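In the order they appear, the protein sequences are chains A and B. Sequential numbering of the first sequence, starting at 1, is according to my numbering. Sequential numbering of the second sequence, starting at 98, is according to my numbering. The structure appears right after this line, and notes come after that.
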Amino acid sequence: MKALLDLFSIVAIASGALFYLAGTVGLLRFPDSYTRLHALTKADNLGMALVVIGLLPQVDGLLAGLKLVLVWLLVMLSSAAVSQLIARSARGLDRRQ
Amino acid sequence: MTTVVTVVIALLLLALAAWTLVARDAFLAVAGFVAYGLLLSLVWVRLYGIDVALTEAAIGGGLTGALLIGAVARLRGTEAAAWSERAGAGAWALAMLLALGVTAVLALCVLALPEPPPTLAPQAVQNMGATGVANPITGVLLAFRALDTLLEAIVLVIALIGVWSLAPDRFWGGRPGLRHRADPDGILAYLARVLPPIGIVVGVYVFWAGADHPGGKFQGATILAAMWLLVQMAGLADSPLTGSRWLRAGVVVGPLVFIAVGLLGLWSAGAFLAYPPDWAKPMIVAVEVALMPTLVLVLALLLNGAPARGGDR
Numbered sequence: 001m002k003a004l005l006d007l008f009s010i011v012a013i014a015s016g017a018l019f020y021l022a023g024t025v026g027l028l029r030f031p032d033s034y035t036r037l038h039a040l041t042k043a044d045n046l047g048m049a050l051v052v053i054g055l056l057p058q059v060d061g062l063l064a065g066l067k068l069v070l071v072w073l074l075v076m077l078s079s080a081a082v083s084q085l086i087a088r089s090a091r092g093l094d095r096r097q
Numbered sequence: 098m099t100t101v102v103t104v105v106i107a108l109l110l111l112a113l114a115a116w117t118l119v120a121r122d123a124f125l126a127v128a129g130f131v132a133y134g135l136l137l138s139l140v141w142v143r144l145y146g147i148d149v150a151l152t153e154a155a156i157g158g159g160l161t162g163a164l165l166i167g168a169v170a171r172l173r174g175t176e177a178a179a180w181s182e183r184a185g186a187g188a189w190a191l192a193m194l195l196a197l198g199v200t201a202v203l204a205l206c207v208l209a210l211p212e213p214p215p216t217l218a219p220q221a222v223q224n225m226g227a228t229g230v231a232n233p234i235t236g237v238l239l240a241f242r243a244l245d246t247l248l249e250a251i252v253l254v255i256a257l258i259g260v261w262s263l264a265p266d267r268f269w270g271g272r273p274g275l276r277h278r279a280d281p282d283g284i285l286a287y288l289a290r291v292l293p294p295i296g297i298v299v300g301v302y303v304f305w306a307g308a309d310h311p312g313g314k315f316q317g318a319t320i321l322a323a324m325w326l327l328v329q330m331a332g333l334a335d336s337p338l339t340g341s342r343w344l345r346a347g348v349v350v351g352p353l354v355f356i357a358v359g360l361l362g363l364w365s366a367g368a369f370l371a372y373p374p375d376w377a378k379p380m381i382v383a384v385e386v387a388l389m390p391t392l393v394l395v396l397a398l399l400l401n402g403a404p405a406r407g408g409d410r
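Here you go:
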């Protein structure tokens, strides 16, 4: 059982890291602000989700697990809001030019 | 493995520091500085200085970053003129010589430390029981080195007075900055409605947990101040009236209570800021609770800036 959970953690965290890598490549390679934001937020949310899900079997106690989930939800909220704000200000700049 | 991570973080730190120095655009330099602060807090975590890491992330990265971004926005107009100025070779050489000299002296000092380095940690831990708090950092800040913390709080209040004194006479006691206007149904207003309830709970928790775990009033106060600023930036509330009696009372209550507790110690325990035995914990809690409004108000008001419009508009 323990080994199975460990394997689950390794697979989940590794795929999470893969999403982070993909997001970073997108951030570096995509041509404009909107596509770069798209790459970054998708990668961040999915990568973070997978890392948190992978860590959940490893925490001791319900409270620590709840804190992890809360951190994940807060990161999702802030990254979604901030990417909207950046996109809006980028659109404002585009229109002015 | 851990050595590799340490080396990578150290190299990244140096690269970011260099980037912050050479970036021509002030905004890019500030962005580099914020990232540098966040990375530095990771370094503190690796050095087991969780309290310092929290403070670095909250104040070094967050609050100072926000202050600097405000400064960049104000300096936008002068940036073109600053770009056209170029320092001469002599100035460059002198600056580099000074920087290298300071670095060399610091490196020599660190390398010359005796092994093991002199420390007061054992004495501090031995006497922790007398303070009634379990987090040694809080014990040092509010019992063994309480005078430093008191002076720190007073410096913050003086800094705020310094910022306020930049206001034109006719706006004295008015509201700082422009009133922010944002789309009331937009994402910023949404965030400013959803986040503060969570942020206030987290801020108060970080403050309260400081007695036994990493955390404390500075980190908690930064989170609370950030929530207040978020509400202001989303246009849901105006910046405060700096002439308000309640606001000013809140700003000075921390240092005043701290000094009162100090004088009480002079009378009951024989020294300024000494806590009588058995009363240490309640008095430390009283000082921390009184410092909380001071810190929240001063940190938020420092970011708000000098009063720039009349009170009634």
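By construction, the Cβ of each residue, glycine as well, lies at the ideal position given by its N, Cα and C atoms. Since we're looking at a predicted model, the values are computed, not measured.
Cα-Cα separation between residue i and residue j, rounded to whole angstroms
i, j, result
"B:Phe241", "B:Leu217", "11 Å"
"A:Lys2", "A:Met48", "23 Å"
"B:Leu285", "A:Arg88", "11 Å"
"B:Arg410", "B:Val254", "Model confidence at B:Arg410 stands at a pLDDT of 45, short of 50, so the residue's coordinates are unreliable; what they give is reported in the following sentence. Taking the straight line from one Cα to the other gives about 26 Å."
"A:Asp108", "A:Asn45", "Summary: the structure shown does not reach residue 108 of chain A, with chain A confined to residues 1 through 97, and so no result is reported for it."
"B:Arg171", "B:Gly274", "12 Å"
"A:Phe30", "A:Arg36", "6 Å"
"B:Val105", "B:Ile147", "20 Å"
"A:Leu18", "A:Val11", "11 Å"
"B:Thr224", "B:Val384", "First, the amino acid is wrong: residue 224 of chain B is Asn here, not Thr. Going by the C-alpha atoms only, they are around 20 Å apart."
"B:Ala279", "B:Tyr287", "11 Å"
"B:Pro219", "B:Thr246", "21 Å"
"A:Pro57", "A:Leu93", "46 Å"
"B:Pro214", "B:Ala196", "26 Å"
"A:Trp72", "B:Asp335", "31 Å"
"B:Leu263", "B:Val348", "18 Å"
"B:Ala132", "B:Leu111", "12 Å"
"A:Ser27", "A:Ala39", "Note that residue 27 of chain A corresponds to Leu in the displayed sequence, not to Ser. Going by the C-alpha atoms only, they are around 6 Å apart."
"B:Leu396", "B:Ala318", "8 Å"
"B:Val102", "B:Ile320", "29 Å"
Spatial neighbours of residue i in its chain, beta-carbon cut-off 6 Å, leaving aside the 5 residues before and after
i, result
"B:Ala107", "none"
"B:Ser138", "Ala150, Glu153 and Ala154"
"A:Ala90", "Ser33"
"B:Ile166", "Val127"
"B:Pro404", "Ala264, Phe268, Gly271, Pro273 and Thr339"
Residue burial classification, residue i (beta-carbon count within 10 angstroms, cutoff 16)
i, result
"B:Ile234", "buried"
"B:Asn401", "buried"
"B:Ala115", "exposed"
"B:Glu182", "exposed"
"B:Tyr372", "buried"
"B:Tyr145", "exposed"
"B:Thr69", "For chain B, the structure presents residues 98 to 410; residue 69 of chain B sits outside this window and is missing."
"B:Met98", "exposed"
"B:Arg272", "buried"
Simplified DSSP assignment, three categories, for residue i
i, result
"B:Arg121", "coil"
"B:Ala405", "strand"
"B:Arg272", "strand"
"A:Asn45", "helix"
"B:Gly198", "helix"
"B:Leu399", "helix"
"B:Ala212", "Here the sequence assigns Glu to residue 212 of chain B, which means Ala is not the residue at that position. In this structure, B:Glu212 counts as coil in the three-state DSSP scheme."
"B:Arg410", "In this prediction, B:Arg410 has a pLDDT of 45, which is less than 50 and means its spatial position is unreliable; what the coordinates show is noted afterwards. Three-state result, B:Arg410: coil."
"A:Val59", "coil"
"B:Trp376", "coil"
"B:His277", "coil"
Same chain, Cβ closer than 8 Å to residue i, five either side skipped, listed in chain order
i, result
"B:Leu109", "Leu136"
"B:Val142", "Ala150"
Residues near residue i in its chain [Cβ-Cβ closer than 7 Å; skip 5 each side]
i, result
"B:Ala308", "Val230, Ala231, Asn232 and Thr235"
"A:Val25", "none"
Cutoff 7 Å: residue i Cβ touching any chain D Cβ
i, result
"A:Gln58", "Of the protein chains in this structure, namely A and B, none is chain D."
Taking contact to mean 3 or more Cβ pairs, one atom from each stretch, closer than 8 Å, check whether the region 325-337 of chain B and the region 349-356 of chain B are in contact. Touching, no.
With contact counted as at least three CB pairs below 8 Å, one residue from each stretch, are the region 160-179 of chain B and the region 117-130 of chain B in contact? With a cut-off of 8 Å, the region 117-130 of chain B and the region 160-179 of chain B count as touching, because enough Cβ pairs lie within range.
Examine the Cβ distances between the region 78-86 of chain A and the region 302-321 of chain B and report whether three or more of them are shorter than 8 Å. Taking one beta carbon from each stretch, the region 78-86 of chain A and the region 302-321 of chain B have fewer than 3 pairs nearer than 8 Å; the two do not touch.
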